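Those letters in the sequence shown? Residues 164 to 658, by the numbering used here.
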Amino acid sequence: MAMRERNLKSIVKNHSIGTVLWFSLISLLFIVIVALSIGQSILLSSSYRDQVKTEQLYVCREIYEDLNGKENLDAQYVNAYIIRKVISSGESIYVFNASGEVIFPFSGAYDEENDYAKIFTNLTEKILKYTDGKIGDSVGYMQSKHYCRACVFNVNGQLLYLYLSADASLGGEMLAPLISQIIFVGFVVIILSFLFAAMISSGIGDPITSINKKAKKLAKGDFSVDFKDDAYGSYMEISELSETLNYARDELSKADSMQKELIANVSHDFKTPLTMIKAYASMIQEISGEDPEKRNKHCQVIINESDRLANLVNDMLDISKIRSGINALKSSVFNLSEYTVDIIDRFGYLTESQGYTFNVDVTPDLFTEADKDKIGQVIYNLVGNAVNYTGDDKTIYIRLYEMNGVIRFDVRDTGVGIKKEDIDTIWDRYYRSKETHKRPIKGTGLGLSIVKAILTKHGFNFGVTSEIGVGSVFFVDFPHRAVWDIESDQDEENN
Ligand code: ADP
């Protein structure tokens, strides 16, 4: 079965839609014609049977009425009468006497192929069985593929047996019109199916061929192709296909420009620290090597720049690990309220040294279930960005509260806000707004990409709302867990 399916698939695969359609239509119509012919011939043969039976009944009754009970009938006359009936009805007609001899037509008209003894035995048997030998009552039956009818009658005071027979198989002359009809219909059907196949295949095949050509162009990096042209006035599926391909083209084009941007940004971000490292190493070699104070200062710059490079590489690795699933999530139930406050405390130095204000409103003892370390990274990155981008009032508003069955974390700044067209792109790897900004916290440009990767992996809802000149609010919804979840976890561990 599977083998046949595979054969069918390979046939379909190697032929054009037109050919397959044409072949399918012809096969389907061939089946219909065969079924119709069989049905027709069944109908024909049943109506032929009814016709023969009625005719036999009629002829039998006629002969009976014309001859029965007559006296002094000339044998020549009866013979001629029977022959006339044979000719007019097309039936084989014989008259037997009581001893089973054929007496009409005269022996010269005998059909040598007929076994008269057998015919006679059969007819007397049937007459006895069904009419009880009653004069005038006829009986119809089948004998060796012949419709037969027999009855007893009386001529010149002698008991005679009338026997009529007709071939039960349909004659060629009856089937001929049917055959010529089928040939005609078949011919018309072949032409029609050819036209249909051509019409449908041009409706499907032509757009597909053109889409295929364009897809090849797209594969070579030509993002100017428009698949929608081919779908015009075409079938729904092709229209959907072209829409999907247009979507794929847009995504590929986006990915392509992002990749270019990424390479440009990464090389730029790598270049600066590398240049610094090289410059300071040369300085140590040539100038400050002998001066421990200067040497230390220069070495420190090299260490800082190396750290920056290491951070960059680590962030990039983090994202690819989270996305590829190498770093599986280590979920546990924990007190998100306490954890959030701990993380915010890490920014405490900014309050003292640079005058930042952290407005914190955290509902105590809210428990969630997630990978604690990774969620720590999310909160740290979001608060860090708010610090970097908040306005001159240097204030950051952080809240953690219950809302519609989830725990919402949001962090608001009073900065310039994010432009509508940038809202979606800021989450993408290595996107950076064109405007440069003074940053108290050094970022690698990958912070939000890491946030997105972690939260997507968790399946948590997150987002940003922003108003130009007013500020931005980044939010994350955590699932709410009851305290006993943590206890039951611990119970399981203890067991
Ligand atoms: P980085 O901050 O290191 O550039 P991120 O991935 O954290 O990298 O942020 C990407 C970009 O999103 C930033 O360059 C900035 O343009 C924008 N952005 C992020 N947070 C904010 C914010 N709170 N306000 C305004 N813009 C922001």
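Virtual Cβ for every residue (Gly too), placed ideally from N, Cα, C. Nothing here was measured: the structure is a model prediction, and the numbers come from that model.
Are the Cβ atoms of residue i and residue j separated by less than 9 Å?
i           : j           : result
residue 405 : residue 363 : no
residue 538 : residue 642 : no
residue 329 : residue 218 : yes
residue 622 : residue 638 : no
residue 531 : residue 510 : no
residue 291 : residue 223 : no
residue 189 : residue 345 : no
residue 507 : residue 561 : yes
residue 545 : residue 572 : yes
residue 502 : residue 465 : no
residue 216 : residue 303 : yes
residue 398 : residue 366 : yes
residue 415 : residue 433 : no
residue 123 : residue 309 : Residue numbering for the chain in the displayed model covers 164 to 658; residue 123 lies beyond these limits and cannot be assessed.
residue 263 : residue 287 : yes
residue 412 : residue 388 : yes
residue 139 : residue 300 : Coverage of the chain is limited to positions 164 through 658, which leaves residue 139 absent and any answer about it impossible.
Assuming the contact rule is C-beta atoms closer than 8 Å, residue i and residue j should be a hit. Round their C-beta distance to whole Å, please.
i           : j           : result
residue 277 : residue 306 : So it is not a contact: roughly 11 Å between Cβ atoms.
residue 481 : residue 613 : 6 Å
residue 112 : residue 283 : Coverage of the chain is limited to positions 164 through 658, which leaves residue 112 absent and any answer about it impossible.
residue 258 : residue 245 : 6 Å
residue 485 : residue 617 : 6 Å
residue 192 : residue 254 : At roughly 41 Å, the Cβ-Cβ gap does not stay under 8 Å, so residue 192 and residue 254 are not in contact.
By Cβ distance, which residues of its chain are closer than 6 Å to residue i, with the 5 residues on each side in sequence left out?
i           : result
residue 408 : 390
residue 249 : 256
residue 534 : 492, 493, 494
residue 553 : 559, 576, 577, 578
residue 261 : 322
residue 644 : 496, 530, 531, 532
residue 339 : none
residue 629 : 580, 581, 635
residue 252 : 222
residue 519 : 513, 557
For residue i, collect the residues of the same chain with a Cβ closer than 7 Å to its Cβ; drop the 5 residues on either side in sequence, then sort them by chain order.
i           : result
residue 451 : 457, 458, 461
residue 181 : 360, 361, 364, 368
residue 178 : none
residue 596 : Reliability of the predicted coordinates at residue 596 is poor, the pLDDT of 49 falling under 50, and the value obtained from them is presented with this limitation in mind. For residue 596, where only same-chain residues beyond five positions count, the Cβ hits under 7 Å are 585.
residue 500 : 525, 526, 527, 528, 529, 563
residue 446 : 461
residue 591 : 421, 612
residue 598 : Low confidence applies here, because residue 598 scores a pLDDT of 49, under 50, leaving its location unreliable and the question unanswered by this model.
residue 289 : 302, 304, 313
residue 197 : none
residue 154 : With the chain covering 164 to 658 only, the question about residue 154 has no answer from this structure.
residue 226 : 248, 325
residue 589 : 581, 611
For residue i, I'd like the list of residues in its chain whose CB is within less than 8 Å of its CB, leaving aside the five on either flank, ordered along the chain.
i           : result
residue 341 : 200, 203, 204, 207
residue 469 : 436, 440
residue 212 : 310, 331
residue 633 : 577, 580
residue 536 : 493
residue 646 : 528, 530
May I ask whether a heavy atom of the ligand NAD can be found less than 8 Å away from the beta carbon of residue i?
i           : result
residue 477 : Annotation note on the ligand NAD: not contained in the displayed structure, which lists the ligand ADP as its ligands.
When the Cβ atoms of the segment 223-235 are set against those of the segment 377-392, are three or more pairs found closer than 8 Å?
-> no
Taking three-plus beta-carbon pairs below 8 Å as touching, is the segment 515-523 in contact with the segment 472-488?
-> no
May I ask you to verify whether the segment 571-578 touches the segment 545-558, counting CB pairs closer than 8 Å and requiring at least 3?
-> yes
May I have a chain-ordered list of the alpha helix (DSSP H) segments no shorter than 4 residues that lie completely inside the segment 474-536?
-> 499-508, 511-517
Quick one: complete beta strand (DSSP E) runs, 3+ long, within the segment 553-578?
-> 558-566, 569-576
At 4 residues or longer, and completely inside the segment 178-233: list those alpha helix (DSSP H) runs for me, N to C.
-> 180-230
Would the segment 296-310 and the segment 346-358 be scored as touching if the rule is three or more Cβ pairs under 8 Å?
-> no
May I have a chain-ordered list of the alpha helix (DSSP H) segments no shorter than 4 residues that lie completely inside the segment 261-344?
-> 279-294
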